[in-house]
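Under the UniProt record's numbering, the first residue of the sequence shown is numbered 1, with each subsequent residue one higher.
We treat Cβ as the ideally placed atom computed from N, Cα and C, and that holds for glycine.
One structure is given here, and the rest of the page talks about it.
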Amino acid sequence: MSLKFIALSGTVSVTENLYVYEANGKMLIVDCGVGFPDLEMPGVDLVIPDFSYILKNKEKLVGIVVSQGHEDHIGALPFLLKEVSAPIWSSPLVTEFLKDKFKDYGLSSYKINTFNPEMSEFEIGPFKVYPFRVTHSVPDTVGFAIDTPEGRIFHVPEHKMDQNPVDGMPFDKDRARKLAEANVLFLASDCLGANKPGFTPGETEIEGNLYNIVKDAKTAIFATAISSNIGRFQQMINVAGKLGRKVVFIGRSIQKKTEIAYNLGYLRYPPGTVISLTESDKLPRQELLYIVSGCYGQVGSSLYRIAIDEHEKVKIQAGEMMVFSADPAPPYTKESEDFVIDQLMDKGVDVHYYDLTEGLYVSGHGSQGDIVELFNMIKPKHLIPVGGTIRFMHAYKKLASRNGFTSSQIHTLKPGESLIFDNGSVKMGEKISVKAVLVHGLGVGDVGKVVLGDRAILGNEGVVVVIYKLDKGGQIVGMPEIISRGFVFEKISKDFLKETSERLR
């Protein structure tokens, strides 16, 4: 009758969320997200969790519940569902995000059950799940109370206590408190803001700041944010309305997500407010606000192509304004974001971003005040920090210690580690071997350290190829041809390459 909680991924990092609950020989997954390559992973598109343990035990899998629509919580589901079959439970907005994503990946055989966060409850094998609404930077984010054979647990991957969110749907504290009236065995919750004092500011503060920044602009305004931050786009649309501007979405990810949100009522604006790129060509640029995908400068994104003058339809001009309204770039995208900002500034664009202009973003993660309020609301016997690196996990542990929890009640797990709860006792389970699985193009998991090391050497040292022509007798014909990339610049080093060719002959 024991319960095992496995952090397959999502601890010691802020992405790749994947957690497993096991009881009575059955397995329930919470979230399945992607990570992103760092600077030591050339050619890699995505990082996904290691599914080996799930595949080895796939006959136990009874379902997957999803807490929100950010890529670090849903992005790896297409890869998992190509290997296993399991029903999914998600909130309305997340359901539509998933359907769109699965279509892109060519998945047609899947089952999604859509729940109402305000009242739903459903059974998945030996687990009974109660979702409840929390506030984050994407609408329809939820936490879960889950009944298990060992008692009720709470799993709240990301949250803050925003009681005046842009969508008007605050953290459902009443439902959470009601669900917490049962003795709660443990709370697994967001630790990413555990080193920040106070409460995280609410999202509504951003709109006034955006308005003050752009109100005097005399030509086109460009803005960017994470493509699933529907609330931020609502604020940008509101600002455009106050200024008499039309809104143009640039980039497939933003266009699809905002269309889904509008159809579900999570994004609201009068007819004619949002226009197509073709329609925008007929209007003066001072009447337009472009919302562009690629807020972290991702190579190939719409914003990246605009910055380097390679977008086929959109150009940005000197004197126009670009506003970055997203969290500071994570380390693995900082270099590309800096490149885009520099390119825009070099064109004479008036760029506003977090290092230069305050009030352009607020975190979607709760600070110490938010975290402690959740502790007091749920009153768990044990705590497990998730969704943060080691420094944030330890900050969470210190915060919990200051608020009455003993070291034996606070459990920090690394990927592959687990806890076993059995009749009131708790112990570490056997560690599962996991590794980062790298996705590049159509390849999944076939690139490892050796290949990445070779790519790094090629990137740093360059490559030289010597081509010989041989006759039927195996004798060299003519001069060898030398082709180099990243070694010497051929146009400048013709004499050097010519001498090298002569010596090789």
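**Prompt:** What are the residues that DSSP puts in a beta bridge with Ala188?
**Reply:** Answer by DSSP bridge pairing, in chain order: His155, Ile384.
**Range covered by the alpha helix (DSSP H) that runs through Tyr262** = 252-264
**Environment of Ser67 [buried if 16+ CB atoms lie within 10 Å]** = buried
**Asked** Is Thr135 helix, strand or coil when you go by DSSP?
**Response** strand
**Asked** If Val34 sits next to Glu83, beta carbons under 8 Å apart, how far is it from one beta carbon to the other, in whole angstroms?
**Response** Rounded, the Cβ-Cβ distance is 15 Å, inconsistent with contact.
**Message:** If the criterion is Cβ atoms closer than 9 Å, does the pair Pro139 and Tyr266 meet it?
**Reply:** Yes; because the gap between Cβ atoms is below 9 Å, this pair is in contact.
**Item:** Distance CB(Gly251)-CB(Leu303) smaller than 9 Å
**Value:** yes
**Asked** Who are the Cβ neighbours of Val12 in its own chain at under 7 Å, not counting the five residues just before and after it?
**Response** Thr389, Ile390, Lys414, Pro415
**Request:** Starting from Ile226, follow the beta strand (DSSP E) in both directions and report where the run begins and ends.
**Result:** Per DSSP, Ile226 belongs to no beta strand (DSSP E) and is neither H nor E.
**Prompt:** Across which residues does DSSP place Tyr19 in a beta bridge pair?
**Reply:** Ala7, Val30
**Request:** With distances taken Cα to Cα, identify the nearest neighbour of Pro131 among Leu98, Tyr110, Ser108, Arg175.
**Result:** Checked all of Leu98, Tyr110, Ser108, Arg175; the closest Cα to Pro131 is Arg175.
**DSSP-derived helix/strand/coil call for Glu430** = coil
**Asked** From Asn17 to Ser227, what does the alpha carbon distance come to, in whole angstroms?
**Response** Cα to Cα, Asn17 sits roughly 19 Å from Ser227.
**Asked** For Ile420 versus Lys427, is the C-beta distance shorter than 9 Å?
**Response** yes
**Item:** Residues of its chain near Ser2, where Cβ-Cβ distance is below 8 Å and the 5 sequence neighbours each way are ignored
**Value:** Beyond the five residues adjoining it in sequence on each side, Ser2 comes within less than 8 Å, by CB distance, of Ala23, Pro149, Glu150, Ile420, Phe421, Asp422, Asn423 in the same chain, given in chain order.
**Prompt:** Residues in its own chain within less than 6 Å of Thr114 by CB, not counting five upstream and five downstream?
**Reply:** Pro92, Thr95
**Prompt:** Can you tell which of Lys256, Gly294, Leu187, Ser280 has its C-alpha closest to the C-alpha of Met322?
**Reply:** Nearest option by C-alpha distance: Gly294.
**Prompt:** Which two residues bound the contiguous alpha helix (DSSP H) that contains Ile390?
**Reply:** For Ile390, the enclosing alpha helix (DSSP H) has its first and last residue at 390-402.
**Message:** For Asp422, report the span of its beta strand (DSSP E) as first-last.
**Reply:** 417-422
**Message:** Applying the 10 Å Cβ sphere with the 16-neighbour rule, what's the burial state of Tyr105?
**Reply:** Classified as exposed, Tyr105 has fewer than 16 neighbouring CB atoms from the shown chains inside 10 Å of its CB.
**Item:** Nearest candidate by alpha-carbon position, reference residue 508, set Met27, Tyr19, Lys26, Glu59
**Value:** For residue 508 there is no data in the structure shown, the boundaries of the chain being 1 and 505.
**Prompt:** Sorted by chain position, which residues of the same chain lie with C-beta nearer than 8 Å to Pro270's C-beta, five sequence neighbours on each side aside?
**Reply:** Gly241
**Request:** Determine the burial state of Val14: buried for a count of at least 16 other Cβ atoms within 10 Å of its Cβ, exposed for fewer.
**Result:** buried
**Message:** I need the DSSP call for His73, collapsed to helix, strand or coil.
**Reply:** Of the three classes helix, strand and coil, the one that applies to His73 here is helix, per DSSP.
**Prompt:** What number of angstroms, rounded off, separates the C-alpha of Met236 from the C-alpha of Lys4?
**Reply:** One C-alpha to the other measures close to 44 Å.
**Request:** Within its chain, find whatever has a CB closer than 8 Å to the CB of Ile457; leave out the 5 residues flanking it on each side and keep chain order.
**Result:** Only weak support exists for where Ile457 lies, its pLDDT of 49 falling under 50; the value from the coordinates is given anyway. So the list is empty, once near-sequence residues are dropped.
**With 16 other Cβ atoms within 10 Å as the buried cut-off, status of Lys56** = exposed
**Message:** With DSSP as the reference, identify every bridge partner of Val274, one or two as the case may be.
**Reply:** Val247
**Contacts around His382, its chain only, beta-carbon distance under 6 Å, and the 5 residues preceding and following it disregarded** = Phe186, Gln409
**Message:** With a threshold of 8 Å, are at least 3 pairs of Cβ atoms found where one atom belongs to the segment 369-377 and the other to the segment 182-201?
**Reply:** Segments in contact, yes.
**Asked** Near Phe97, which residues of its chain fall below 6 Å by C-beta distance, leaving aside the five closest residues on each side in sequence?
**Response** Gly69
**Message:** If you reduce the DSSP assignment to three classes, tell me which class Met322 lands in.
**Reply:** strand
**Residues near Ala261 by beta carbon distance below 7 Å, same chain, minus five either side** = Leu93, Ile230, Leu267
**Request:** Would you check if the distance between the CB atom of residue 561 and the CB atom of Thr219 is smaller than 9 Å?
**Result:** With the chain represented from 1 up to 505, any question about residue 561 goes unanswered, as that position is not in the structure.
**Request:** Output the boundary residues of the alpha helix (DSSP H) element that contains Ser90.
**Result:** It is not in any alpha helix (DSSP H) - Ser90 instead sits in the beta strand (DSSP E) that spans 88-90.
**Prompt:** To the nearest angstrom, how far is it from the Cα of Ala7 to the Cα of Lys60?
**Reply:** Looking at the two C-alpha atoms, the distance is approximately 17 Å.
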